[in-house]
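My numbering runs 674 ahead of the 1-based position in the sequence shown.
Working notes for the structure below.
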Amino acid sequence: MAHVGALPKIHRYITAHNKEGKAIFSDKFDEESKMKPNDDGIAFALSYTTKGFPVGLDNDEDLQVYEHYLNEAPGLVVSGGTVLRHVDIPPNTACAMHRTVSLDYGCVLEGEVECLLDSGEKRVMKRGDVAIQRGTMHQWINHSTKDWTRMLFVLQESKPLKVAGETVGEELAGMAGVRPSD
Numbered sequence: 675m676a677h678v679g680a681l682p683k684i685h686r687y688i689t690a691h692n693k694e695g696k697a698i699f700s701d702k703f704d705e706e707s708k709m710k711p712n713d714d715g716i717a718f719a720l721s722y723t724t725k726g727f728p729v730g731l732d733n734d735e736d737l738q739v740y741e742h743y744l745n746e747a748p749g750l751v752v753s754g755g756t757v758l759r760h761v762d763i764p765p766n767t768a769c770a771m772h773r774t775v776s777l778d779y780g781c782v783l784e785g786e787v788e789c790l791l792d793s794g795e796k797r798v799m800k801r802g803d804v805a806i807q808r809g810t811m812h813q814w815i816n817h818s819t820k821d822w823t824r825m826l827f828v829l830q831e832s833k834p835l836k837v838a839g840e841t842v843g844e845e846l847a848g849m850a851g852v853r854p855s856d
């Protein structure tokens with residue numbers, strides 16, 4: 675199942691300032707956000723990361739944080755920071771049912787995807803729809819036989835979550851190519 679060319683390339687434009695204080699586009703990173711497929715065919719691009727609140731922009735502190743995570747990929751969530759990630763899901767593909775201890779905004783950019791919760795509830799999401807994941811067990815399923823789905827996620831770590839009287843943690847269920855968060 676070829677991924678190259680299935681969806682348009684992602685261009686990510688990072689702004690900065692020149693020595694005169696004027697806004698410019700940074701040339702520190704390639705403007706193309708590269709998709710990296712995992713063994714299950716689902717591809718991820720780490721399009722940006724931050725660490726700390728509020729985010730430090732002086733002296734390009736945030737760019738240094740992002741560069742660190744490009745060289746040493748984080749888990750799904752960055753402790754004390756944010757993650758901007760693009761995810762491409764091939765036709766007839768589902769990720770594992772999983773939970774992150776985070777607040778996630780997941781927006782469909784291309785195609786359709788089903789968001790299935792561990793209760794059995796589900797919603798079919800179309801282009802422009804957004805799911806706000808609040809530490810729930812969920813799964814993304816692309817039921818199309820021919821079309822890829824592309825989603826954009828922004829993840830922010832949350833405080834420990836209590837569900838039904840128990841504190842729950844990250845549950846990744848062996849998701850292909852995904853390591854636990856720090």
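All C-beta atoms, glycine included, are put in the ideal place defined by N, C-alpha and C.
### Query
Would you report the Cα separation of residue 761 and residue 825, rounded to the nearest angstrom?
Computed Cα separation, rounded: 5 Å.
### Task
Count the other C-beta atoms from every protein chain shown that fall within 10 angstroms of the C-beta of residue 687, then say buried if there are 16 or more, exposed otherwise.
exposed
### Query
What is the DSSP secondary structure of residue 739, reduced to helix, strand or coil?
Correct three-state label for residue 739: helix.
### Start and end residues, beta strand (DSSP E) containing residue 760
755-763
### Message
If you measure between the beta carbons of residue 835 and residue 752, is that distance less than 9 Å?
### Response
The answer is no: Cβ separation not under 9 Å.
### Within the segment 793-847, ranges of the beta strand (DSSP E) (whole runs, at least 3 residues)
796-800, 804-808, 812-816, 823-831, 835-837 and 840-842
### Query
Which full runs of the beta strand (DSSP E) of 3+ residues lie inside the segment 766-796, going along the chain?
776-784 and 786-791
#### Entry: C-beta contact flag for residue 737 and residue 700 at 9 Å
yes
### Query
Helix or strand or just coil, what does DSSP make of residue 750?
coil
### Nearest-angstrom Cα separation, counted from residue 844 out to residue 792
15 Å
### Message
Can you give me the C-alpha to C-alpha distance between residue 726 and residue 734, rounded to a whole angstrom?
### Response
14 Å
### Message
Taking the alpha carbon of residue 744 as the reference point, which residue from 833, 806 and 709 has its own alpha carbon closest?
### Response
709
### Span of the beta strand (DSSP E) around residue 850
Counting along the chain, residue 850 falls outside any beta strand (DSSP E), and DSSP gives it neither H nor E.
### Query
Based on the DSSP secondary-structure assignment, which residues constitute the bridge partners of residue 710?
718
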